[in-house]
Every structure is written in structure tokens, then in C-alpha cells.
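One structure below.
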Amino acid sequence: AGAEITVETLAKAGFSDNKRPKIKILGNGELTKKLTVKVPCSASAKAKIEKAGGSVA
483 AGAEITVETL
493 AKAGFSDNKR
503 PKIKILGNGE
513 LTKKLTVKVP
523 CSASAKAKIE
533 KAGGSVA
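For any residue, its number in the working numbering is found by taking its place in the sequence shown, counting from 1, and adding 482.
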């Protein structure tokens, strides 16, 4: 389901420096693309990801 979001992809995009192992996706904003998320996320983020056709692993 769409692009894969991992700690590594977040670091490459400049959202993390890989030195902070605690990353959590929050449910702020709107999601319009299918994503496969492989990092911890809030319940509201999970609901938005799944509503957009993505998945949380």
C-alpha cells in the first residue's frame, strides 16, 4: 500500500537524525496518499492512514 515509512526513510527526509530512537507519527493534518507505516503512531494517525487505504505494521 503506497510508500513505506520507516525510521530510515524519515532520517533521509530530514525528520530524524537516527540518534533518537523514539519516533511517533501523530494524527495532525490530512492524509491523501496510501502509506505503509513501520514506526509507532497514535490511534488517530493509524485511523487516518487506514482510511486513506494504507496500513500500519
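Using N, Cα and C, we set each Cβ at its ideal position, and we do this for glycine too.
**Request:** List the endpoints of the continuous beta strand (DSSP E) containing residue 518.
**Result:** Residue 518: member of the beta strand (DSSP E) spanning 517–519, first to last residue.
**Prompt:** For residue 484, which residues from the same chain have a beta carbon less than 7 angstroms from its beta carbon, with the 5 sequence-adjacent residues on both sides left out?
**Reply:** These residues qualify, in order along the chain: 515, 516, 517, 518, 536.
**Asked** What residue range is occupied by the uninterrupted beta strand (DSSP E) comprising residue 485?
**Response** Note, residue 485: beta strand (DSSP E), 485–487.
**Asked** Who pairs with residue 537 in a beta bridge, going by DSSP?
**Response** DSSP lists 518 as partners of residue 537.
**Request:** Classify residue 506 as buried or exposed, calling it buried when 16 or more other Cβ atoms lie within 10 Å of its own Cβ.
**Result:** Residue burial is scored here from C-beta neighbours: residue 506 has fewer than 16 other C-beta atoms within 10 angstroms and is therefore classed as exposed.
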